[in-house]
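Peer 1: Chains as they are written, first to last, in the working numbering: chain S, 218 to 538; chain A, 218 to 538. For glycine and all other residues, C-beta sits at the position ideal for the given N, C-alpha and C. Below you will find the structure I want to go over with you.
Spelled out as structure tokens, the structure:
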């Protein structure tokens, strides 16, 4: 069994090759630039771990892990265009550096490159894996569209928001694990539990992200506290307040979001604390973590094999900052 | 053997199903809208014809043809964003009707849908076919990027322009034929000749398109004559004039392109005729057609089997309007 750090190191090494032709440089340099910005590479490692949970890591797993990471980067490049984001990992985004049209095309060829790696898979399970990959790709696009739709909606219900997060963030984590498990010959039941583990963990991670934006230690969190509040993002905490706050809290929150006063962050945080939404979010995250680990427990392999995944999960969702 | 019209009718029927889920409608309706605008569906028919040139049409051919048509529509949706085109087939483009971000995402899921059809292919040749599909997809993106690069370049050489056209337009026609041929069990030599036939035919078609924009009969052509001239597009005729016109012609053409006088179209056409570029373009098209048919002749099947392709090729490139 390999720990996250070991797999991460090996994947980084294998992934640090050139994935695109040299020419035309105007198309391919943007992609090589974006990949060079790095990242935690969590999704491909989940694929490798999903594989190793049931068997030794097979060569195909590296192709699929690569395809997953390329797919993830494709979504980042295109999302950054849609969100008009100037920075990613503190560096200019592709569209910022090379223009929207090139970023669009560069993303497109990144997705094609992902499918080229999937086409190398020799396993008899190739068709099943690609089918899961495609379904997941569709769902991630759905999540992004629903997220954009929310910006135009006055009211977003908590269950709609949860479903959006599941599509936009969780399904790729879950499917990465399952693709590895399929390669490892896991039974359908074990696959389903592993998928559910990834899905619940992904939601817990997002709840935590929304929570830390408000109540994290800025020194550890590495981001300005209240960034989501300033951007009027509909986070778990905003949606919960709008859905079940007192009429006065709801009115005050809506007014602050509209008027953007200079002390907006402090006042929104006060509403969250007054309504107990901070505690609620913390508990919600715990619920999802508990549920995730129940699914991991259900998987019928020796508990020792689960250790790397358990450690990674704790690292991802139990940070105190 | 089936004629274009027969295959076209059958494909249209099979293709007129819903290709996307109902929800979220904000993501999938744009794609269903775009597909409902129709089109000649030349590429999927080429795949079917490439298959039937060597064997009876197998069920896989319909999956591949569908994937090709979805891929082509994906490129149109994304190209329209990049070109800021308001209309396609006289109807609003996807980004015009639904916004840039949705058009971007809708194109992305259209590409994923194409790969979902490829994943249904049962043939032992599936891996080869997907490999050709991926190479072609990359090349089409390269062609679009090079075309955009040309807009910023002062000088574009004829051979660079030819290569761009080959990538942007021809390779997909060529590959559609070859994918059908692979399914039909064609030898490598026959596949290569069929690919070359499609490639040369595609270039001939584009030369004709540039020519007709200047010298076509507007009543038959269905477009305003001189549209490319008004848009300052670097067509075969412009590039040839800039490359081998007299210094006076080159100077005058550049001046007209910069100053956009009201009689620009007539004066540019006069330069083309004075320099014999109209005749040159007509001859260039003929050369490519001749070369295309030589490759078709080379293919080692009874000439009767080639009839539908021969007729289609004549239809595509020998229109007198």
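Report all residues from its chain with a CB closer than 6 Å to the CB of residue 414 of chain S; omit the five preceding and five following residues, and keep chain order.
Peer 2: So the qualifying residues of the chain are 509, 512 and 513.
Peer 1: Kindly confirm or deny that the segment 378–391 of chain S and the segment 473–493 of chain S touch, where touching means at least three C-beta pairs closer than 8 Å.
Peer 2: Short answer: they don't touch.
Peer 1: What residues in the segment 304–320 of chain A bring their beta carbon closer than 7 Å to a beta carbon of chain S?
Peer 2: Cβ contacts with chain S: 318 and 319.
Peer 1: How big is the Cα-Cα spacing for residue 294 of chain A and residue 312 of chain A?
Peer 2: If I take the Cα positions, the gap works out to 8 Å.
Peer 1: Using beta-carbon positions only, say whether residue 268 of chain S and residue 400 of chain S come within less than 7 Å of one another.
Peer 2: Yes, the Cβ-Cβ distance between residue 268 of chain S and residue 400 of chain S is below 7 Å.
Peer 1: Starting from the C-beta of residue 339 of chain S, find all residues in its chain whose C-beta is less than 7 Å away, skip the five residues before and the five after it, and write them out in chain order.
Peer 2: Contacts found: 277.
Peer 1: Suppose only complete runs of 4+ residues qualify. What are the alpha helix (DSSP H) ranges in the segment 431–458 of chain S, listed by chain order?
Peer 2: You should have 435–438 and 444–447.
Peer 1: Can you look up residue 270 of chain A in the DSSP assignment and give me helix, strand or coil?
Peer 2: Coil, per DSSP.
Peer 1: Could you compute how far the alpha carbon of residue 387 of chain S sits from the alpha carbon of residue 432 of chain A?
Peer 2: In a straight line, the C-alpha of residue 387 of chain S is about 57 Å away from that of residue 432 of chain A.
Peer 1: How many Å lie between residue 357 of chain S and residue 385 of chain S at the Cα?
Peer 2: Those two C-alpha atoms are separated by around 5 Å.
Peer 1: Please report the straight-line C-alpha distance between residue 364 of chain S and residue 300 of chain S, rounded to a whole angstrom.
Peer 2: Those two C-alpha atoms are separated by around 11 Å.
Peer 1: Residue 292 of chain A: which of A:359, A:347 and A:443 sits nearest, CA to CA?
Peer 2: Nearest C-alpha to residue 292 of chain A: A:359.
Peer 1: Taking the alpha carbon of residue 253 of chain A as the reference point, which residue from A:284, A:490 and A:310 has its own alpha carbon closest?
Peer 2: Considering only alpha carbons, the answer is A:310.
Peer 1: How far does the alpha helix (DSSP H) with residue 401 of chain S in it extend, from its first residue to its last?
Peer 2: Neither: residue 401 of chain S is in no alpha helix (DSSP H) and is coded neither H nor E.
Peer 1: List the residues of chain S whose Cβ lies closer than 8 Å to the Cβ of residue 347 of chain A, in chain order.
Peer 2: 332 and 336, listed in chain order.
Peer 1: Ends of the alpha helix (DSSP H) at residue 377 of chain A?
Peer 2: Its alpha helix (DSSP H) spans residues 375–382.
Peer 1: Between the beta-carbon of residue 410 of chain S and the beta-carbon of residue 307 of chain S, is there less than 7 Å?
Peer 2: No, they are not a contact pair.
Peer 1: Comparing the C-beta of residue 362 of chain A with each C-beta of chain S, is any distance below 7 Å?
Peer 2: Chain S, which has a Cβ nearer than 7 Å to the Cβ of residue 362 of chain A, makes this yes.
Peer 1: Strictly under 7 Å for the Cβ-Cβ distance: is residue 322 of chain A near chain S by that measure?
Peer 2: Yes, its Cβ sits closer than 7 Å to a Cβ of chain S.
Peer 1: What is the rounded straight-line gap between the Cα of residue 405 of chain A and the Cα of residue 232 of chain S?
Peer 2: In a straight line, the C-alpha of residue 405 of chain A is about 33 Å away from that of residue 232 of chain S.
Peer 1: Could you give the distance in angstroms between the alpha-carbon of residue 315 of chain A and the alpha-carbon of residue 302 of chain S?
Peer 2: Roughly 21 Å separates the two Cα atoms.
Peer 1: List, in chain order, every chain A residue whose beta-carbon is nearer than 9 Å to that of residue 477 of chain S.
Peer 2: Within 9 Å Cβ-Cβ: nothing; residue 477 of chain S doesn't reach chain A, min ~24 Å.
Peer 1: For a cutoff of 7 Å on Cβ pairs, would you count residue 354 of chain S as touching chain A?
Peer 2: Yes, because at least one Cβ of chain A sits closer than 7 Å to the Cβ of residue 354 of chain S.
Peer 1: Which residues in the same chain have their Cβ closer than 7 Å to the Cβ of residue 402 of chain A, if we skip the five residues on either side of it in sequence?
Peer 2: Result list for residue 402 of chain A: 271 and 272, in chain order.
Peer 1: Please state whether DSSP places residue 463 of chain S in a helix, a strand or coil.
Peer 2: Of the three classes helix, strand and coil, the one that applies to residue 463 of chain S here is coil, per DSSP.
Peer 1: Going by DSSP in three states, residue 308 of chain A sits in which element: helix, strand or coil?
Peer 2: In the structure shown, residue 308 of chain A sits in a strand (DSSP, three-state: E or B).
Peer 1: Which value, in whole angstroms, describes the spacing of the CA atoms of residue 538 of chain A and residue 421 of chain A?
Peer 2: Model confidence at residue 538 of chain A stands at a pLDDT of 42, short of 50, so the residue's coordinates are unreliable; what they give is reported in the following sentence. Computed Cα separation, rounded: 15 Å.
Peer 1: Per DSSP, what kind of secondary structure is residue 502 of chain S in: helix, strand or coil?
Peer 2: If DSSP states are grouped into helix, strand and coil, residue 502 of chain S belongs with the helices.
Peer 1: Looking only at C-alpha atoms, which of S:263, S:235 and S:250 sits nearest to residue 529 of chain S?
Peer 2: Measuring from the Cα of residue 529 of chain S, the nearest candidate turns out to be S:263.
Peer 1: Could you pull out every unbroken alpha helix (DSSP H) segment of at least 4 residues lying fully inside the segment 296–366 of chain A, listed in chain order?
Peer 2: Taking only runs of at least 4 residues, the alpha helix (DSSP H) segments lying wholly in the segment 296–366 of chain A are 311–315 and 317–335.
Peer 1: Any residues in the segment 289–302 of chain A with a beta carbon nearer than 7 Å to a beta carbon of chain S? Which ones, in chain order?
Peer 2: Within the segment 289–302 of chain A, the residues whose Cβ lies closer than 7 Å to some Cβ of chain S are 295, 298 and 299, listed in chain order.
Peer 1: Determine the chain S residues that contact residue 244 of chain A at a beta-carbon separation under 7 Å, and present them in chain order.
Peer 2: Near residue 244 of chain A (Cβ distances below 7 Å), the residues of chain S are 358, 359 and 362.
Peer 1: Could you check the C-alpha separation between residue 389 of chain A and residue 354 of chain A for me, to the nearest Å?
Peer 2: Between residue 389 of chain A and residue 354 of chain A, the C-alpha separation is close to 8 Å.
Peer 1: Could you give the distance in angstroms between the alpha-carbon of residue 321 of chain A and the alpha-carbon of residue 518 of chain S?
Peer 2: Cα to Cα, residue 321 of chain A sits roughly 43 Å from residue 518 of chain S.
Peer 1: Check this for me: beta carbons of residue 393 of chain A and residue 506 of chain A, under 7 Å apart or not?
Peer 2: Cβ atoms of residue 393 of chain A and residue 506 of chain A: not closer than 7 Å.
Peer 1: Return the residue from the list A:238, A:244, A:259 and A:236 that minimises the CA-CA distance to residue 533 of chain A.
Peer 2: For the residues A:238, A:244, A:259 and A:236, the minimum Cα distance to residue 533 of chain A belongs to A:259.
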